[in-house]
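Chains as they are written, first to last, in this note's numbering: chain A, -3 to 109; chain B, 362 to 475.
Heads up, the beta-carbon is just placed ideally off N, CA and C, and yes, glycines get one too.
Worksheet: the structure to be examined is printed underneath.
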Amino acid sequence: QKEVEQNSGPLSVPEGAIASLNCTYSDRGSQSFFWYRQYSGKSPELIMFIYSNGDKEDGRFTAQLNKASQYVSLLIRDSQPSDSATYLCAAPNYGGSQGNLIFGKGTKLSVKP
Amino acid sequence: SAVISQKPSRDICQRGTSLTIQCQVDSQVTMMFWYRQQPGQSLTLIATANQGSEATYESGFVIDKFPISRPNLTFSTLTVSNMSPEDSSIYLCSVEEDGNQPQHFGDGTRLSIL
């Protein structure tokens, strides 16, 4: 059974700090990874995806992928209270469609003013 | 990205009844997916729905309990049959627009069974 593991948190950081969210996965064949943000009572919203080893930056968000270590992370710089949400890491469950995703349990982030 | 609309957004149902959830997309998509998110849990894939073929169900989910229709490239339905309190969840539709794009979710249907 392929797995995606996340620390459930909660992770608490002060406003303006860097929040670091981590995810490990069991399938060495996984080629793409996705980070979703889910506010309480809302559906998941895609915020980042990464296919290649290294870093990918988009505004205050940076995704980092290390395939050798089977590790993917999300850094949020200058954290804001509005970033408080649950962050879900996901990877394809099968080799084909990216739509068939397996999700981690999510890390709850709390940014304190 | 595609705009995904789900109906109803929420419902409260009686035990033993069935509810059909609709998912409408504003563009043609090959693959549509139905997920369940139980309270405090992450997302679990129920099935993959391709137009013109039977849905493919994940382990632990069966067609009798969760029948799915996919009559065209913009629409799908999921029925939750013979509901029990354990079926109280958020049900989410998602789409894959092509093989290289990450998927997006509809707003979900929040279902409570009394």
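Taking the Cα positions, A:P6 is about 35 angstroms away from B:A410. Under the three-state reduction of DSSP output, A:S78 falls in the helix class. Counting along the chain, B:R471 sits inside the beta strand (DSSP E) bounded by residues T470 to I474.
Rounded to whole angstroms, B:F466 and B:V386 show a C-alpha spacing of 10 angstroms. Against chain A, the beta carbon of B:D468 has neighbours under 7 angstroms at S39, listed in chain order.
An exposed status is given to A:S65, since fewer than 16 other beta-carbon atoms sit within 10 Å of its beta-carbon.
For the pair B:S366 and B:T440, the CB atoms are not nearer than the 8 angstroms cut-off. Using a Cβ distance threshold of 8 angstroms, A:L105 and A:Y83 count as a contacting pair.
Separation of the CB atoms of A:P109 and A:P77 is rounded to 5 angstroms, and the pair is thereby assigned contact status at 8 angstroms.
Straight-line spacing of the CA atoms in B:S473 and A:N96 works out to 26 angstroms. Closer than 7 angstroms at the C-beta level to chain A, one finds these residues of the region 404 to 425 of chain B: L404, L406 and T409.
Here DSSP, grouped into helix, strand and coil, assigns A:P40 to coil. Setting aside the 5 residues that flank it on each side, B:T381 is surrounded in the same chain by T438 and T440, each with a C-beta closer than 6 angstroms to its C-beta; the list follows chain order. A:N96 has no beta-bridge partner at all, per DSSP. In this structure A:R33 touches A:A81 by the C-beta definition: roughly 5 angstroms separates them, less than 8 angstroms.
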